[in-house]
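Just so you know, the sequences run in chain order A and B. Under UniProt numbering, the residues of the first sequence are numbered 1 to 142, in order. Under UniProt numbering, the residues of the second sequence are numbered 1 to 142, in order. Quick reminder that beta carbons are idealized off the backbone N, C-alpha and C, glycines included. Note that this is a predicted model, so its numbers are computed, not measured. Heads up, the thing below is written out as structure tokens.
Protein chains: 2
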Amino acid sequence: MDYQIGALAKRLGVSADTLRFYEKNGLLAPSKRSESGYRLYSDKDQQTLSFILRAKSVGFSLAEIKELISLDQNKVDFACGDVKELVDLKRAQIQTKISELQAFERSLKVLSDACCGGDESALNCSILQTLEDDGGLYGISK
Amino acid sequence: MDYQIGALAKRLGVSADTLRFYEKNGLLAPSKRSESGYRLYSDKDQQTLSFILRAKSVGFSLAEIKELISLDQNKVDFACGDVKELVDLKRAQIQTKISELQAFERSLKVLSDACCGGDESALNCSILQTLEDDGGLYGISK
DNA sequence: ATAAACCTTAGAGTTATATCCAAGGTCAAT
DNA sequence: ATTGACCTTGGATATAACTCTAAGGTTTAT
Ligand SMILES: [Zn+2]
Ligand SMILES: [Zn+2]
Ligand SMILES: [Zn+2]
Ligand SMILES: [Zn+2]
Numbered sequence: 001m002d003y004q005i006g007a008l009a010k011r012l013g014v015s016a017d018t019l020r021f022y023e024k025n026g027l028l029a030p031s032k033r034s035e036s037g038y039r040l041y042s043d044k045d046q047q048t049l050s051f052i053l054r055a056k057s058v059g060f061s062l063a064e065i066k067e068l069i070s071l072d073q074n075k076v077d078f079a080c081g082d083v084k085e086l087v088d089l090k091r092a093q094i095q096t097k098i099s100e101l102q103a104f105e106r107s108l109k110v111l112s113d114a115c116c117g118g119d120e121s122a123l124n125c126s127i128l129q130t131l132e133d134d135g136g137l138y139g140i141s142k
Numbered sequence: 001m002d003y004q005i006g007a008l009a010k011r012l013g014v015s016a017d018t019l020r021f022y023e024k025n026g027l028l029a030p031s032k033r034s035e036s037g038y039r040l041y042s043d044k045d046q047q048t049l050s051f052i053l054r055a056k057s058v059g060f061s062l063a064e065i066k067e068l069i070s071l072d073q074n075k076v077d078f079a080c081g082d083v084k085e086l087v088d089l090k091r092a093q094i095q096t097k098i099s100e101l102q103a104f105e106r107s108l109k110v111l112s113d114a115c116c117g118g119d120e121s122a123l124n125c126s127i128l129q130t131l132e133d134d135g136g137l138y139g140i141s142k
């Protein structure tokens, strides 16, 4: 039911140092301590850590994750609408990032499709020529 | 035709310091210097900077961007296949990230759809309850 | 010919996100 | 009761990607 820091760290593939760091920064405190002061994490703590790692893996900063998590701790101070607004804001940010990634991937695909991929020198590689010249990958100007 | 560092920085919304930093780290050197040593950037330099910023905005590290750009400078040492392989690797990484983002967005949408978004206290907000409980956002365990 | 607004370099400082280390306490097994 | 694998804290160090400072040179306008 309860894990020591090393066991939880191992289960989710992070270091014990990282868990201490998350605690220091208000993201995840163990729900208990043993008599001797050892951190004891519950299954729910593990789920929270899962959430943190998943959010992190898709580009949320620890500060953003903390904001989302801490809504829960201070829910008395908020309305349903506040919570929903925050979640929808994050969704919009994710969608923007997805669109950017898709545009970039399409650009790279155009490059890749035009290249023969053979063994000869890259001196005349169409990819590099496109990188050098106008248009192409640069098509979507900043 | 040629911009000083401040002009290029302003055009693309970065600082002059950032451009000096990119130069020091081998990402973008101005194609010329004035008599007095001022950096002079060409239109092509501007396009390279555009590329750097776009790649950065979708999550590439400067090291990755540098690798892509420096292929061009050392093209004699590579084969067409090497270049294509690098581009395709980046594409696969982008696609992975897109999939992760889409899964996360779907999770958040489920949460958002279930919340009334009203003015009343968030004490019973379904979003926060899901964050607290099993499953839901945590459904895809790490 | 002087002021304002540029530019130069070298190097120090910042923020986010960890990671490592030292000195020591705890626990389980032999 | 000693060994080895855990754990504790506080503080130093690391990496990426900037950002700022100091001390000074250049350009342009008045
Ligand atoms: Zn080829
Ligand atoms: Zn090619
Ligand atoms: Zn509600
Ligand atoms: Zn709600």
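Chain B within 8 Å of residue i, Cβ atoms only
i, result
"Q95(A)", "yes"
"residue 209(A)", "This structure cannot speak to residue 209(A), because chain A is shown only from 1 to 142."
"F21(A)", "no"
"E64(A)", "no"
"K32(A)", "no"
"L101(A)", "yes"
"L111(A)", "yes"
"K75(A)", "yes"
"D88(A)", "yes"
"G117(A)", "yes"
"I98(A)", "yes"
Identity of the residue in the options nearest residue i by Cα
i, options, result
"S36(B)", "K75(B), L108(B), S42(B) and Q4(B)", "Q4(B)"
"R91(B)", "A16(A), L53(A) and E105(A)", "E105(A)"
"R33(B)", "D2(B), S121(B), T48(B) and G117(B)", "D2(B)"
"Q47(A)", "L62(A), L28(A) and E64(A)", "L28(A)"
"A103(B)", "L101(A), R54(A), Q102(A) and L123(A)", "R54(A)"
"G118(B)", "E120(A), K75(A), L101(A) and C80(A)", "C80(A)"
"L68(B)", "D43(B), S31(B), G26(B) and K44(B)", "G26(B)"
"V87(B)", "I65(B), S15(B), F21(B) and S31(B)", "I65(B)"
"L123(B)", "A63(A), A16(A) and D77(A)", "D77(A)"
"L62(A)", "N74(A), L49(A) and Q73(A)", "L49(A)"
"E120(B)", "L101(A), E120(A), Q93(A) and K75(A)", "K75(A)"
Beta carbon proximity, residue i to chain A, threshold 8 Å
i, result
"D134(B)", "Legend: pLDDT at D134(B) = 44, less than 50; position of this residue unreliable, no value from coordinates given."
"S61(B)", "no"
"E67(B)", "no"
"V83(B)", "yes"
"S121(B)", "yes"
"G26(B)", "no"
"L128(B)", "yes"
"A79(B)", "yes"
"Y138(B)", "Residue placement at Y138(B) cannot be trusted, given a pLDDT of 42 that sits under 50; the coordinates are not used to answer."
"residue 145(B)", "Since the first residue shown for chain B is 1 and the last is 142, residue 145(B) is missing from the structure and cannot be characterised."
"S42(B)", "no"
Beta-carbon proximity list for residue i, same chain, < 8 Å, skipping 5 on both sides
i, result
"T18(A)", "A9"
"D82(B)", "L71"
"A114(B)", "S126, I127 and T130"
Spatial neighbours of residue i in its chain, beta-carbon cut-off 7 Å, leaving aside the 5 residues before and after
i, result
"C116(A)", "none"
"F21(A)", "none"
Contacting residues, own chain, Cβ-Cβ under 6 Å from residue i (five flanking each side not counted)
i, result
"V14(A)", "none"
"G136(A)", "Because G136(A) carries a pLDDT of 42, less than 50, the predicted location of this residue cannot be relied on, and no value is offered for it."
If you pair each beta-carbon of the segment 96 to 112 of chain B with each one of the segment 52 to 62 of chain A, do three or more pairs fall below 8 Å?
-> With the rule of 3 Cβ pairs closer than 8 Å, the segment 96 to 112 of chain B counts as touching the segment 52 to 62 of chain A.
Is the segment 98 to 117 of chain A in contact with the segment 110 to 122 of chain B, if contact means three or more CB pairs nearer than 8 Å?
-> No, the segment 98 to 117 of chain A does not touch the segment 110 to 122 of chain B.
Does the segment 6 to 17 of chain B come within contact of the segment 36 to 48 of chain B, defined as at least 3 CB pairs closer than 8 Å?
-> The segment 6 to 17 of chain B and the segment 36 to 48 of chain B touch, with no fewer than 3 CB-CB distances between them shorter than 8 Å.
Taking only runs that begin and end inside the UniProt domain "HTH merR-type" (1 to 71) of chain B, name each unbroken alpha helix (DSSP H) of 4 or more residues, in chain order.
-> Every alpha helix (DSSP H) of 4 residues or more that sits fully in the UniProt domain "HTH merR-type" (1 to 71) of chain B is shown, in chain order, as 5 to 12, 16 to 24 and 43 to 57.
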